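A short write-up of the structure that comes next.
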Amino acid sequence: MGLATLSPAVRQYLLVTGNYWAFTLTDGALRMLVVLHFYSLGYSGLSIAMLFLFYEVFGVITNLVGGWLGARIGLNKTMNIGLFLQIVALSMLLLPAEYLLVPWVMAAQALSGIAKDLNKMSAKSSIKMLVAGEAQGTLFKWVALLTGSKNALKGLGFFIGGLLLSLFGFQLAILCMVIMLLLVWILSLLKLKQDLGRSSAKPKFSEMLSKSRAINILSAARMLLFGARDVWFVIALPLFLASQLGWDHWTVGGFLALWVIGYGGIQSLAPLLLGKSKIPDGKTVTLWALLLCTIPGLIAITLTANWQIELALLGGLLLFGAVFAINSAVHSYLIVSYAKSDGVSMDVGFYYMANAMGRLLGTVLSGWLYQTSGLISCLWVATVMLIVTVFISAMLPKITRDDDAAPQVRR
Numbered sequence: 001m002g003l004a005t006l007s008p009a010v011r012q013y014l015l016v017t018g019n020y021w022a023f024t025l026t027d028g029a030l031r032m033l034v035v036l037h038f039y040s041l042g043y044s045g046l047s048i049a050m051l052f053l054f055y056e057v058f059g060v061i062t063n064l065v066g067g068w069l070g071a072r073i074g075l076n077k078t079m080n081i082g083l084f085l086q087i088v089a090l091s092m093l094l095l096p097a098e099y100l101l102v103p104w105v106m107a108a109q110a111l112s113g114i115a116k117d118l119n120k121m122s123a124k125s126s127i128k129m130l131v132a133g134e135a136q137g138t139l140f141k142w143v144a145l146l147t148g149s150k151n152a153l154k155g156l157g158f159f160i161g162g163l164l165l166s167l168f169g170f171q172l173a174i175l176c177m178v179i180m181l182l183l184v185w186i187l188s189l190l191k192l193k194q195d196l197g198r199s200s201a202k203p204k205f206s207e208m209l210s211k212s213r214a215i216n217i218l219s220a221a222r223m224l225l226f227g228a229r230d231v232w233f234v235i236a237l238p239l240f241l242a243s244q245l246g247w248d249h250w251t252v253g254g255f256l257a258l259w260v261i262g263y264g265g266i267q268s269l270a271p272l273l274l275g276k277s278k279i280p281d282g283k284t285v286t287l288w289a290l291l292l293c294t295i296p297g298l299i300a301i302t303l304t305a306n307w308q309i310e311l312a313l314l315g316g317l318l319l320f321g322a323v324f325a326i327n328s329a330v331h332s333y334l335i336v337s338y339a340k341s342d343g344v345s346m347d348v349g350f351y352y353m354a355n356a357m358g359r360l361l362g363t364v365l366s367g368w369l370y371q372t373s374g375l376i377s378c379l380w381v382a383t384v385m386l387i388v389t390v391f392i393s394a395m396l397p398k399i400t401r402d403d404d405a406a407p408q409v410r411r
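Under this note's numbering, the first residue of the sequence shown is numbered 1, with each subsequent residue one higher.
Shown next, in the form of structure tokens:
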């Protein structure tokens with residue numbers, strides 16, 4: 001079947017997804033390139049993690065402002081702006097090694113963070129415009145596929161970054177990614193539908209904060225959900241694997257890359273795993289959050305008892321990844337479903353601002369807690385955050401609908 005035989009909505013979905021995939025590959029590869037390159041220069045794990053601090057900080061700002069911008073100028077434009085900014089961020093790293101000072105690299109990462117969240121917000125919001133309002137089952141499948149494939153490709157990007165670094169060195173690896181993104185950017189400029197997602201009325205800057213109770217509750221749950229993941233996964237876990245279990249750098253990176261790929265695969269399969277006739281609602285989020293909150297606590301107990309540490313940690317991590325993937329997929333569907341069609345990017349942008357705040361909180365806490373009190377304390381903090389997530393999720397509105405009916409939220 002050729003592209004010409006596909007419906008316009010499907011062709012646009014493929015363009016949005018392809019754009020997002022290309023960006024995600026470079027995002028994952030860039031992270032691994034920076035980690036490995038600066039590790040080879042003698043930087044500590046915590047110092048390397050701090051290079052990404054502005055990446056997360058600017059993600060908070062970008063999602064909020066980017067949602068407003070997408071509603072005013074259209075999601076095709078914000079997506080293409082995100083791609084262009086990533087090209088600029090990558091190009092900043094083409095300087096000779098002696099000029100790649102920490103402030104410069106942090107600035108490049110900040111720009112990459114802006115680019116990433118503009119691209120992600122645009123991609124997630126676009127799906128709302130491409131799926132008929134009554135086809136909630138289709139919306140869930142498309143959102144799950146986009147979200148899951150993104151995470152799987154980010155994990156693949158880790159491998160690609162390491163491979164490019166080994167084959168070509170840092171500067172040439174960056175140049176390869178710049179050329180690839182330039183080609184994708186040109187295609188996107190030519191083919192992506194104009195004014196996708198533009199609001200019928202010009203939204204005011206003061207309207208950036210969501211006025212929907214359901215979206216505010218979901219956003220709070222999302223912030224704590226991702227904070228609970230990153231408080232032990234981002235810094236504490238890799239450093240523990242390297243320093244306490246004696247894993248070498250490539251083993252740590254390879255394992256985490258495979259974890260992210262598997263996590264993305266489960267996200268993509270979420271509609272199938274939940275059942276063909278099951279469209280998620282507030283009750284679904286609460287039950288899966290309840291299951292998730294038990295896992296880091298159990299891992300912490302086994303580590304405290306010094307019982308089969310490696311087996312308990314890795315087995316727990318795999319179980320956590322599977323359950324977390326379902327939680328994340330359901331969240332990603334609900335925000336697109338809850339968002340109003342006119343100016344969808346403002347609701348989605350607000351939600352992903354909360355997501356970025358959770359990542360930022362988790363990243364900072366992960367480094368500080370691990371340095372002061374170790375991995376076990378990170379796991380207990382994650383458990384507490386997830387327990388709070390359960391209570392917040394329980395306040396989400398119940399949705400009554402047939403399988404293919406548009407959601408009706410009970411206030």
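Built from N, CA and C at the ideal position, the CB exists for glycine as well. Quick caveat, the model's predicted, so the values are computed rather than measured.
Taking the Cβ atom as the reference point for each residue, do residue i and residue j lie within a distance shorter than 9 Å?
i: Trp380; j: Ala312; result: no
i: Arg229; j: Ala354; result: no
i: Pro238; j: Leu258; result: no
i: Leu183; j: Leu15; result: no
i: Leu386; j: Ser377; result: no
i: Trp185; j: Leu93; result: no
i: Ser125; j: Val336; result: yes
i: Leu291; j: Val330; result: no
i: Met180; j: Ala22; result: yes
i: Ala107; j: Phe54; result: yes
i: Gly349; j: Gly74; result: no
i: Ala289; j: Val390; result: yes
i: Gly282; j: Leu396; result: yes
i: Thr284; j: Lys278; result: yes
i: Phe240; j: Leu69; result: no
i: Leu192; j: Val105; result: no
i: Gly161; j: Leu33; result: yes
i: Ser332; j: Ala144; result: yes
i: Val234; j: Arg359; result: yes
i: Ser112; j: Leu95; result: no
In whole angstroms, what separates the C-alpha of residue i from that of residue j?
i: Leu319; j: Ala173; result: 34 Å
i: Ala214; j: Asp347; result: 11 Å
i: Arg31; j: Val388; result: 31 Å
i: Leu146; j: Phe38; result: 31 Å
i: Asn119; j: Asn80; result: 8 Å
i: Gln308; j: Lys340; result: 49 Å
i: Gly362; j: Leu269; result: 26 Å
i: Phe58; j: Gly315; result: 34 Å
i: Thr302; j: Leu90; result: 42 Å
i: Leu64; j: Met223; result: 14 Å
i: Cys176; j: Ala394; result: 47 Å
i: Pro271; j: Lys141; result: 6 Å
i: Ser219; j: Leu334; result: 10 Å
i: Asn19; j: Leu190; result: 12 Å
i: Asn76; j: Ala123; result: 9 Å
i: Thr294; j: Thr304; result: 16 Å
Please list the terminal residues of the continuous alpha helix (DSSP H) segment that includes residue i.
i: Ala394; result: Per DSSP, Ala394 belongs to no alpha helix (DSSP H) and is neither H nor E.
i: Phe52; result: Where Phe52 is concerned, there is no enclosing alpha helix (DSSP H), given that its DSSP letter is neither H nor E.
i: Glu310; result: 309-338
i: Asn306; result: Looking at the DSSP string, Asn306 is not in any alpha helix (DSSP H), and its letter there is neither H nor E.
i: Lys77; result: 75-92
i: Ser212; result: Looking at the DSSP string, Ser212 is not in any alpha helix (DSSP H), and its letter there is neither H nor E.
i: Ile179; result: 170-191
i: Pro271; result: 270-274
i: Leu239; result: 236-243
Please name the residue in the options whose C-alpha comes closest to that of residue i.
i: Ala165; options: Leu36, Ser393, Leu269; result: A quick correction: the sequence has Leu, not Ala, at residue 165. Nearest C-alpha to Leu165: Leu36.
i: Ala29; options: Gly59, Val323, Asp117, Ala152; result: Ala152
i: Ser242; options: Phe58, Glu310, Met106; result: Note on residue identity: the sequence assigns Ala, not Ser, to residue 242. The candidate whose alpha carbon is nearest that of Ala242 is Glu310.
i: Val231; options: Gly42, Gly367, Ile48, Val390; result: Gly367
i: Ala110; options: Leu292, Lys191, Ile87, Ser122; result: Ile87
i: Gly262; options: Asn19, Phe170, Met357, Ile326; result: Ile326
i: Ile61; options: Gly169, Gly227, Met357, Ala97; result: Met357
i: Tyr351; options: Gly297, Phe226, Pro280, Gly246; result: Phe226
i: Phe158; options: Thr24, Leu139, Trp247; result: Thr24
i: Thr138; options: Pro280, Leu100, Ile48, Val252; result: Pro280
i: Thr78; options: Gly282, Val384, Ile114; result: Ile114
i: Val252; options: Gly155, Pro96, Leu51; result: Gly155
i: Ile217; options: Ala97, Tyr338, Val384; result: Tyr338
i: Ser328; options: Thr372, Pro296, Gly264, Leu317; result: Gly264
i: Tyr43; options: Asp27, Val102, Gln12, Thr17; result: Val102
i: Thr26; options: Ala144, Ser332, Val178, Asn306; result: Val178
i: Gln371; options: Leu317, Ala236, Leu360, Pro296; result: Ala236
i: Val364; options: Leu167, Ile48, Arg72; result: Ile48
i: Gly297; options: Trp250, Ser373, Leu245, Val384; result: Val384
i: Ile392; options: Leu100, Arg11, Leu163, Ala221; result: Ala221
Any chance the CB of residue i is under 8 Å from a heavy atom of the ligand ZN?
i: Val330; result: The ligand ZN is absent from the structure shown, which contains no ligands of any kind.
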